[in-house]
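Each residue of the sequence shown is one higher than the last, beginning at 1 in UniProt numbering.
The structure appears right after this line, and notes come after that.
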Amino acid sequence: MKYFIKTFGCQQNKADSERISAAFKARGMKQARGYSDADYVIINTCMIRESAENRVYGLVNNLAKLKSNGKQLKIIVTGCMVGLAFRDKTGKYLQKVRRSMPAVDEFMPIEEVGFDNPPVRQDRENAWVPISNGCNNFCTFCVVPFTRGREISRSFKDIIAECLHLKLKGYKNITLLGQNVNSYGADLLLPSSVIPNKVRDLATEGSAKITYFQNAKLSTNFKPVYVKHLGRYRIPTLFPYLLEEVAEMGFKKVDFISSNPWDFSDQLIDVIARNKNITRTIHLPVQSGDDKVLRRMNRWYTRNEYLKLVANLKLKIKNLELTTDIIVGFCGESDEEFNNTVKLVNEVGFNKAYISMYSSRPMTAATKVLKDDIPHEVKKHRWQILENSINKYQYN
Ligand code: SF4
């Protein structure tokens with residue numbers, strides 16, 4: 001029996017596919033070269049934008065034709081679309097995907113694929129290491145908290161053990177992965193009752209009883225790191241310790257993605273500054289340069305706080321390159337609000353930006369309570385302005 005995995009979306013999905021591959025190998029199957037010689041096709045889906053979902057529907061349709069022409073094939077769909085389908089309590093999204101893809105044999109939640117088997121890695125030099133999954137932030141435009149659920153951190157020891165194993169195997173470059181990589185560890189430190197659904201409900205450093213965290217070498221106690229934004233303390237995190245411990249293993253390069261501006265502590269900046277093998281290209285999604293838009297997005301920093309963080313990074317880290325994510329045409333974005341983003345972009349001087357036109361995603365707060373009221377032509381025009389300014393691409 002042979003299996004073939006088609007992966008859509010981000011690095012986290014690609015890392016998940018390496019674990020899926022391990023699970024199928026453990027069942028005694030071999031990897032197929034393509035769809036035609038596969039007995040099982042596993043589609044690892046993304047739904048960050050509608051276009052990503054549509055590509056999945058298109059692929060399943062094509063596979064359905066192979067099946068109706070007599071090919072023996074099992075189609076398994078997993079990833080973000082399935083995550084959302086099983087988390088949507090109304091059951092409507094599950095009905096929709098079942099109706100739209102009748103040829104699918106199984107909808108498999110990604111949680112069913114554990115970390116028990118070592119991932120099947122295609123690359124011999126670069127390795128992705130997932131450190132957390134899910135997100136508690138609920139940015140109003142983002143479907144991730146619904147597709148992947150609340151943030152769960154992998155055990156510190158397991159991550160260290162996996163990285164040490166990769167070092168022994170000769171891997172040169174490591175990328176630590178999580179939706180909000182620099183909030184790693186909050187759930188390891190706080191009882192689950194303290195982890196809020198919405199970050200804004202968190203109170204101050206003294207409000208939760210924090211037990212110090214004993215590190216993987218069983219020698220040091222960590223004091224969790226707090227960051228303060230908009231006058232409130234964020235969750236405690238262990239990411240600076242984890243990153244430094246991985247960096248000290250001696251990899252050529254240690255990368256991490258994706259970090260959130262409001263969990264970027266001074267301690268984290270210091271760890272990067274003193275470990276030369278940690279990436280100098282930092283991805284710091286800003287999404288908008290306007291405070292009112294950031295509020296509507298439920299992003300818990302202001303334009304000035306972001307700029308202060310950038311200034312601090314530039315001051316302490318030599319040869320720094322900054323990349324970012326920006327959404328144009330978010331609900332109600334006025335010309336003035338967009339111009340504040342343009343001004344911020346000019347001020348920061350990003351090396352690269354992933355710019356997207358806002359598109360409404362199921363279950364998100366923006367879809368439920370805000371209006372997707374910016375015409376497509378305006379979104380396209382704003383996208384082009386930022387592309388010209390940062391990436392110098394032309395819209396076709
Ligand atoms: S931080 Fe916001 S944008 Fe990033 S995954 Fe979480 S909800 Fe989505």
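The C-beta atom is built at its ideal place from N, Cα and C for all residues, glycine as well.
If you're wondering where the values come from, they're calculated on a predicted model, not measured in any experiment.
Closest option to GLU112, judged by alpha-carbon separation, among ASN126, ASN388, ILE20: ILE20. Under the three-state reduction of DSSP, TRP128 is assigned to strand. In its chain, beyond the 5 residues on either side, ARG280 have a beta carbon closer than 6 Å to the beta carbon of ASN319.
One alpha carbon belongs to MET249, the other to LYS14, and they sit about 24 Å apart. Burial is judged here by how many other beta carbons sit within 10 angstroms of a residue's own beta carbon; HIS283 has at least 16 and is buried. In terms of CA proximity to ASN304, VAL348 leads the group ASN277, VAL348, PHE239, ASP270. Taking 8 Å as the cut-off, the Cβ atoms of ASN44 and ILE75 do not count as close. Where ILE160 is concerned, the enclosing alpha helix (DSSP H) starts and stops at 156 to 168.
The count of Cβ pairs closer than 8 Å, one atom from the segment 83 to 95 and one from the segment 48 to 58, stays below three, leaving the stretches out of contact. Judged by DSSP secondary structure, MET81 falls within the alpha helix (DSSP H) whose first and last residues are 80 to 87.
About 5 Å separates the beta carbons of PHE141 and ALA366, which is inside the 8 Å limit, making them a contact pair.
In this structure, DSSP gives LEU322 an extended state, which the three-state scheme calls strand. Approximately 18 Å separates the beta-carbon atoms of LEU386 and CYS331; this is outside 8 Å, ruling out the contact. Counted as a single uninterrupted DSSP element, the beta strand (DSSP E) harbouring ASN173 occupies residues 173 to 177.
Contact annotation: the segment 24 to 32 does not touch the segment 65 to 79, with fewer than three C-beta pairs closer than 8 Å. Secondary-structure assignment with DSSP links ILE75 through a beta bridge to VAL41. Counting C-beta pairs closer than 8 Å gives fewer than three between the segment 257 to 272 and the segment 337 to 347, which falls short of the contact rule.
Taking a cut-off of 8 Å on C-beta distances, the segment 250 to 261 does not touch the segment 141 to 151, as fewer than three cross pairs fall below it.
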